[in-house]
Amino acid sequence: MPGPVAYFEVVHSQDGGGNSGVNVTDIAFNVSGGDVGTPGNDDLSGGDGDDVIDGGGGEDTIDGGDGDDTLSGGDDNDTITGGDGNDVVEDMDGDNTIDTSSDLGQAALPDRGYPGLFPADSDPNDDRDMVTTGDGNDSIRTGDDADTIVSGGGNDTINSGIDDDEVYAGDGDDLITTGEGSDYVEAGDGNDTVYGGLGPSFPDELNITDEDTGFPSPDLVTDNGMDTIYGGAGEDVIYGEDDNDLIFGGDDNDYIDGGIDQDTIDAGEGDDTLIGGQGDDFLDGNIGNDEMTGGDGNDTFLELSAEGADTITDFGVGDTGSITDGDQTNNDFVDLSSFYNDTTVADVNAAGGDFDTPLEMMRADAEDGRLDGNIDGTDYSGQIGGVDLTLQDGAGGAVTGSALTYDNTNVPCFVSGTLIATRRGSVPIEELKAGDEVITMDHGFQKIRWIGSTTVPAEGSLAPVVIRKGAMGNERDLRVSPQHRMLVRGWHVELMFGKPEALVPAKALINDETVFPLEGGTVDYFHMMFDRHELVYAEGIPSESFHPGHVGMGAFAEDAREEILQLFPELREDVTAYSEPVRPTLKVREARVLAENPELIKE
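With the UniProt record's numbering, you'll find the sequence shown wraps up at 603, consecutive numbering, no jumps.
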């Protein structure tokens, strides 16, 4: 029936009695604004304008043309094309081909544009399509602006074009390409392949790193590829590509490559392969035996108890800084402090181990190339927890020994809190406060006037000196700053130096066996002041309190210095006015005699 036709009317009259009727069949409209197909194979075109076309049953071919069209193919295998405009396409079951991307001509522009290449889209809302399909193996392609695609079951091929699209795929083995834009994808169940950007036919050089790694980087638009992708159940292959992506693998054995920039990957359950790629990435293998490769950049890995046997293939390879500078952000990092800490050290030692620090225990566990609680043939996993992690150096070798530090594992180098003898008993120094009474060697209980701390990198001249348990009669390992002075006494001291008791800087007692420096991570140094210089008991042996005239006050922050000066105003003019040193101090060269003869410093 040729148009234009607004409507048609059938008038039927019957002479006499009986049943009669009129059959109206094979009528189709070819008019702008409201085409209706037949149950057969229709070929319908809408042309320009806002059309409503329903192909009905059969294998239809529908072209909505330009305008804000509403197109429906019905069941069976339909082919639907939409032009410029905000189209709504609904096609039910069948192997359908839907393409609304004809707007991707030279006039199509990304919403954000790109400096120096093309401007931003002047109207980011004039080509926003909504496509919904039922079950079947569909081919769906949308174009410019933010589109929404919802597909049913079947093995669908989906390309959402440019700008910030949403894709919800049903069950089946789908192939999804999101193109330019920060897209949201739920791939659904099935063995899906998702490209969170350009498809594999485009060169990798079109993905530009946010970081300046040489021309054409840095990326001048860093938020036009920030995709969120959910793989769902099934063995998915997911590529994040450009910009900072958020990727969830879901169940089963997935392969996930974050691509460039700073990605967050959670592989979900299954034996997964995770690749961070370029950038500072966060990788969580989750449940299953996972293989994780951070790639370039300072990557963070998550390791939790009893989630499977994981491998990090390139731990430390992409580091941009030192692993002993106290900065945990300029190197690869995996937080293992829930497994290796003071509590687990005590539990392991109670079970037959002999470790002084969590770091020492972790390094011993790593010696066989695997962190799993098995140390020197003894299974301590019940004490340490359900860790099972292999760290490799990028070439298949194990990461062990000094390559594991506080900086890259968060495992502390030092036992918590030096114990100080107080009226309340032995108390960790970090729990003391001004007004607490501490036992001093010369004047009994004395109140703390001031206490503070400084945090410094534990390296070089700032690294703490470890005095092993028993080396000077101490009840536990004692860690002090290199300049901190310890009390030495006895007939040999008087014989050699003419003094029955003297103070010695800890660094002068280093013998690399029972007294030695320990580098790695950071260290908190605590300082106590009393009304006068005192000797207190740290881990059971005499050690000096803070004396500003000895080390000066330049190491303190301004607010800490001011606090001390308010308590001791005489120090504003002369820091030596505080107090006479509680004992004379040996010169370093004099104390070297003691370092060379460790037996002489034992109590």
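Glycine included, each C-beta is placed from N, C-alpha and C at the ideal position. Being a predicted model, the structure only gives us computed values, none of them experimental.
Rounded C-beta distance between residue i and residue j? I'm assuming under 8 Å.
| i | j | result |
| --- | --- | --- |
| Asp-93 | Gly-134 | 4 Å |
| Leu-246 | Thr-273 | So it is not a contact: roughly 18 Å between Cβ atoms. |
| Ser-139 | Thr-70 | Not confirmed; about 20 Å, so no contact. |
| Thr-400 | Glu-360 | Rounded, the Cβ-Cβ distance is 13 Å, inconsistent with contact. |
| Asp-477 | Val-465 | No, Asp-477 and Val-465 are not in contact; Cβ-Cβ is about 11 Å, not under 8 Å. |
| Gly-377 | Ile-384 | No, Gly-377 and Ile-384 are not in contact; Cβ-Cβ is about 15 Å, not under 8 Å. |
| Asp-310 | Asp-296 | With 8 Å as the limit, Asp-310 and Asp-296 do not qualify as a contact, their Cβ atoms being about 20 Å apart. |
| Ile-312 | Asp-284 | 12 Å between Cβ atoms; not a contact. |
| Ala-508 | Ala-595 | 6 Å |
So what's residue i in DSSP terms, helix, strand or just coil?
| i | result |
| --- | --- |
| His-547 | coil |
| Leu-389 | strand |
| Phe-29 | The pLDDT assigned to Phe-29 is 49, lower than 50, so where the model puts this residue is not dependable, and the model offers no usable value. |
| Met-361 | helix |
| Arg-479 | strand |
| Asn-159 | strand |
| Gly-373 | coil |
| Leu-565 | helix |
| Ile-208 | coil |
| Val-588 | helix |
| residue 605 | Beyond the ends of the chain as shown, which are 1 and 603, falls residue 605; an answer cannot be given. |
| Ile-451 | strand |
| Ala-577 | helix |
| Met-486 | strand |
| Val-317 | coil |
| Gln-262 | coil |
| Tyr-255 | strand |
| Val-24 | At Val-24 the pLDDT is 47, less than 50, meaning the model places this residue with poor confidence; the figure from the coordinates comes in the next sentence. Of the three classes helix, strand and coil, the one that applies to Val-24 here is coil, per DSSP. |
| Val-150 | strand |
| Ile-323 | coil |
| Asp-54 | strand |
| Ile-287 | coil |
| Gly-382 | helix |
| Gly-47 | coil |
| Gly-497 | The sequence given here places Phe at residue 497; Gly does not occur at that position. Phe-497: helix per DSSP, three-state reduction. |
| Arg-572 | helix |
| Tyr-7 | Here Tyr-7 scores only 49 on pLDDT, less than 50, and its place in the model is too uncertain to base an answer on. |
| Val-167 | strand |
| Ala-366 | helix |
| Gly-460 | helix |
| His-527 | strand |
| Leu-594 | helix |
| Glu-599 | helix |
For residue i, which option in the options has the closest C-alpha, if you only look at C-alpha atoms?
| i | options | result |
| --- | --- | --- |
| Tyr-525 | Glu-558, Gln-483, Gln-566, Thr-514 | Gln-483 |
| Glu-166 | Glu-596, Phe-333, Ser-182 | Ser-182 |
| Asp-280 | Asn-244, Tyr-239, Ile-140 | Asn-244 |
| Glu-180 | Thr-213, Gly-170, Val-221 | Val-221 |
| Asp-189 | Ser-217, Gly-240, Gly-250, Thr-132 | Gly-250 |
| Met-529 | Leu-462, Gln-566, Ser-381, Trp-450 | Trp-450 |
| Ala-506 | Glu-269, Arg-128, Ala-471, Glu-475 | Ala-471 |
| Leu-586 | Val-488, Gly-232, Ser-139 | Val-488 |
| Asp-404 | Asn-374, Thr-422, Asp-365, Gly-285 | Note that residue 404 corresponds to Leu in the displayed sequence, not to Asp. The residue with the shortest Cα to Cα distance from Leu-404 is Asp-365. |
| Asp-54 | Leu-389, Asp-223, Val-89 | Val-89 |
| Pro-203 | Thr-213, Gly-540, Glu-241, Ala-538 | Glu-241 |
| Thr-178 | Asp-171, Asp-192, Asp-163 | Asp-163 |
| Asn-253 | Ile-260, Asp-236, Ile-265 | Asp-236 |
| Pro-218 | Asn-224, Gly-225, Thr-209 | Thr-209 |
| Asp-68 | Gly-47, Asn-191, Gly-74, Asp-559 | Gly-47 |
| Thr-148 | Val-480, Glu-494, Tyr-184, Leu-175 | Tyr-184 |
| Gly-197 | Asp-257, Thr-522, Ile-375, Asp-173 | Asp-257 |
| Met-226 | Asp-327, Gly-259, Leu-462 | Gly-259 |
| residue 605 | Val-456, Thr-422, Ala-434, Ala-458 | Residue 605 is absent from the model: the chain starts at 1 and stops at 603. |
| Ser-579 | Glu-596, Leu-594, Phe-546, Asp-174 | Phe-546 |
| Gly-82 | Asp-91, Asp-76, Asp-75 | Asp-91 |
| Glu-599 | Gly-57, Gly-452, Gly-490 | Gly-490 |
- Please list the segments of the alpha helix (DSSP H) lying wholly inside the stretch 326-357, counting only runs of 4 or more residues, in order along the chain. 342-350
- Message: Using 8 Å as the cut-off, can you tell me whether the stretch 152-160 makes contact with the stretch 107-118, which would need three or more C-beta pairs spanning the two stretches below that distance?
- Response: no
- Message: Using a Cβ distance threshold of 8 Å, determine whether the stretch 348-368 contacts the stretch 312-327, with at least three qualifying pairs required.
- Response: no
- Taking 8 Å as the threshold, find out whether the stretch 340-347 comes into contact with the stretch 390-401 through three or more Cβ pairs. no
- Mind the definition here: the stretch 424-433 touches the stretch 497-514 only if three or more C-beta pairs lie below 8 Å; say whether that holds. no
- Message: Could you check whether the stretch 55-66 touches the stretch 121-139, counting it as contact only if at least three pairs of C-beta atoms, one from each stretch, sit closer than 8 Å?
- Response: no
- Output the residue ranges of the alpha helix (DSSP H) runs that lie fully inside the stretch 392-440 and measure 4 residues or longer, sorted by chain position. 406-409
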